[in-house]
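All remarks here apply to the structure that follows.
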Amino acid sequence: MIKEELNFAKNDEFNLTMLPGKFALAMRTCKIWQFFRFMVINVKMLIVVSKSH
Amino acid sequence: MARLVIMGGGVAGHTTATFAKKWLGKDHEVVVVTPNSQWNWIPSNIWVGVGQMEKKDVVFPLAPIYKKAGIIYKQALATTIHPEGKEGDDTPFIIIQSTEEGSVGETETLTYDYLVNATGPKLNFDATPGLGDGSGQMGSNTVSVCTAEHAVHANDELTKTFEKAKAGKRQKILVGTGHGTCTCQGAAFEYIFNIEHEAKKAGIRDMLDIKWISNEAFLGDFGMGGLHMKVGGYAVSSKLFAESLYAERNVEWIIGAHTSKVEEGKIEYELLDGTMHEETFDFAMLIPPFSGVGFKAYAKDGADITDQLFMPNGFMKVDAKYDAGAYENWKASDWPETYQNPSFGNIFAAGIAFAPPHLISKPMSSPNGTPINPTPPRTGMPAGIIGKAVAHSVCDMIKAGDDVELHKASMAEMGAACVASAGKGVLHGTAAAMTVYPVVPDFEKYPGTGRDTKYTFGEIGLAGHWIKHILHHMFIYKAKLKPGWTLIPE
Ligand SMILES: Cc1cc2nc3c(=O)[nH]c(=O)nc-3n(C[C@H](O)[C@H](O)[C@H](O)COP(=O)(O)OP(=O)(O)OC[C@H]3O[C@@H](n4cnc5c(N)ncnc54)[C@H](O)[C@@H]3O)c2cc1C
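See below:
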């Protein structure tokens with residue numbers, strides 16, 4: 001049984017979307033990866049902020 | 001000496017006032033008229049609403065800050081605007097009504113040389129029967145997180161619901177929009193996922209049925225017609241990611257819905273296909289629709305000229321193209337640039353208080369003629385940027401005369417960075433970090449998506465939560481005018 005895929009069966013709308021797998025879910029709270037993403041997102045946001053002022 | 005009066009001390013008004021005072025110095029007066037004694041960092045109300053922050057964490061007293069900055073502070077509600085002055089005296093003025101303890105209800109005439117309307121939205125609960133109490137306030141059937149006080153009340157009610165779930169009684173939670181023309185879906189989005197996160201932490205997720213209801217035609221519209229992001233080599237709609245998150249967290253959705261009536265434990269709603277339905281709940285947080293705060297404006301002879309300054313929805317007319325007509329004719333250039341009122345050059349609007357030219361999302365209505373579409377969001381970043389641009393323009397006008405070129409800050413040329421919390425926690429929290437560029441899509445410049453997909457992105461994770469938490473402290477620091485506050489961008 002793949003736990004992450006159970007919600008597909010919960011209703012028809014859920015069935016038509018995409019669900020993250022174990023790896024994608026783990027990366028969301030993986031401290032090292034998220035620290036890297038923190039840097040990347042900050043840079044991306046700063047670019048948008050600087051283009052907007 | 002010129003006097004700049006700013007009505008409203010929220011995100012936009014506070015930005016205008018603090019920058020204007022910094023640039024004008026002691027030679028000119030800056031006056032803020034706002035009814036609350038405390039400033040509220042509204043985005044963090046979400047965390048107050050789930051008991052993860054207290055009210056004191058999201059508010060601070062305004063008086064000492066304005067005293068330090070040399071800004072004159074009137075704790076009052078502005079009620080009427082008299083842009084031509086009165087018989088025998090051309091000096092424009094507003095009437096304000098005190099909300100300060102000891103003088104509540106006392107009125108005062110306040111003259112101005114320049115006026116900025118930054119009064120944000122009126123939370124129009126009474127637009128939906130049962131959502132309001134009939135006197136303009138929130139009713140007792142649902143809760144809200146739009147003010148810090150509302151959020152405290154929301155948490156009290158949520159705690160009771162969680163207690164019942166812990167006692168083994170299944171609970172139905174409904175979160176979303178309380179009318180077909182609401183905006184601010186982002187706040188409801190954050191609230192529903194924070195509830196879900198807290199329920200998991202409390203070990204009662206299985207005892208809750210959590211449902212979303214919204215006026216968006218598709219999940220992930222957010223009043224901006226959705227957005228497209230580049231992921232895995234594809235450019236994809238926010239719809240796919242929003243639906244994925246709801247499905248992953250087992251949150252069912254009802255979309256294209258106009259909540260037409262609220263009762264204790266039950267709502268009635270109409271869908272875009274014209275059918276009517278009911279939904280029951282044990283706990284509901286429904287965002288009210290927004291309107292302007294309802295100013296009246298008068299000419300010198302006392303004639304009502306409210307329609308010269310305001311649109312019928314109460315938002316202030318600015319330099320937008322209000323006669324763009326049908327959706328097919330809408331252009332990015334319809335959106336205002338300077339936020340100057342077309343009838344009175346010394347009056348500006350900033351933040352939510354300005355009247356947008358039209359929706360951003362595609363207009364929709366049911367076969368019964370009920371409009372069911374989100375109105376345009378004006379989030380914190382655009383509100384702050386507009387507030388600063390208006391401060392710039394007014395300062396230039398004061399210093400160099402009214403013919404100076406005004407500063408521009410069109411939402412069709414600015415981006416927005418948004419971080420939507422999906423659960424609080426330093427190690428296990430998540431938030432969707434998003435940027436859009438520009439906020440209002442420009443299909444002439446960016447055919448296809450209307451936006452520059454190089455600068456429009458979104459991802460969910462712990463990093464987003466860290467950013468949201470840092471922003472909480474950074475913006476409160478900035479609003480308190482602590483050293484280096486001008487270096488923190490809006
Ligand atoms: C729960 C919630 C969460 C949100 N989260 C985010 C987020 O994460 N990111 C984001 O970018 N945006 C967020 N927003 C939106 C953001 O709060 C608004 O964009 C922003 O507050 C708009 O600024 P404003 O100055 O136009 O209005 P406001 O901040 O509402 O300020 C208006 C001010 O005017 C005062 N006022 C009202 N009537 C009068 C009167 N008659 N006379 C004088 N003063 C008056 C009010 O008391 C208030 O102080 C959120 C909104 C809500 C409700």
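Residue numbers (UniProt numbering), protein chains in the order written: chain A, 1 to 53; chain B, 1 to 490. Beta carbons are placed, not taken as given, at the ideal position from N, Cα and C, and that holds for glycine.
Within the segment 222 to 244 of chain B, those residues whose Cβ lies closer than 8 Å to any Cβ of chain A are, in chain order, LEU240, GLU243 and SER244. As computed with DSSP, MET138/B is found in a beta bridge with GLY132/B. At a cut-off of 7 Å between beta-carbon atoms, LEU6/A makes no contact with chain B. THR109/B is not a Cβ neighbour of GLN97/B, given a cutoff of 7 Å. Against chain B, the CB of VAL48/A has a partner CB under 7 Å away; the residue lies at that interface. TRP466/B has a beta carbon lying within less than 7 Å of a beta carbon in chain A. In this structure, DSSP gives SER343/B a state outside helix and strand, which the three-state scheme calls coil. Around the CB of LYS317/B, 16 or more other CB atoms lie within 10 Å, so the residue is classed as buried. In this structure, the alpha-carbon of GLY226/B lies about 43 Å from that of GLY25/B.
In this structure, the beta-carbon distance from VAL5/B to TYR112/B falls below 7 Å.
Secondary structure of TRP39/B (DSSP, three-state): strand. Counting along the chain, PHE310/B sits inside no beta strand (DSSP E), nor does DSSP assign it H or E at all.
Listed in chain order, the non-local C-beta contacts of PHE93/B below 7 Å within the same chain comprise HIS82, GLY85, THR109, LEU110, THR111 and TYR112, local neighbours out to five positions each way being set aside. Assignment of ASP442/B by DSSP, reduced to helix, strand and coil, places it in the coil class. GLY461/B has a beta carbon lying within less than 7 Å of a beta carbon in chain A. Counting only Cβ-Cβ distances below 8 Å, ILE41/A has contacts in chain B at ALA433, GLU459, ALA463, GLY464 and ILE467, in chain order. With respect to chain B, the C-beta atom of LYS3/A has no partner C-beta closer than 7 Å.
Judged by DSSP secondary structure, LYS211/B falls within the beta strand (DSSP E) whose first and last residues are 208 to 213. Burial is judged here by how many other beta carbons sit within 10 angstroms of a residue's own beta carbon; SER366/B has at least 16 and is buried. For THR430/B, the chain A residues whose C-beta falls within less than 9 Å of its own C-beta are ARG28 and THR29, listed in chain order. Per DSSP, TYR191/B is one residue of the alpha helix (DSSP H) stretching across 185 to 201. With a threshold of 7 Å between beta carbons, LYS22/A makes no contact with chain B.
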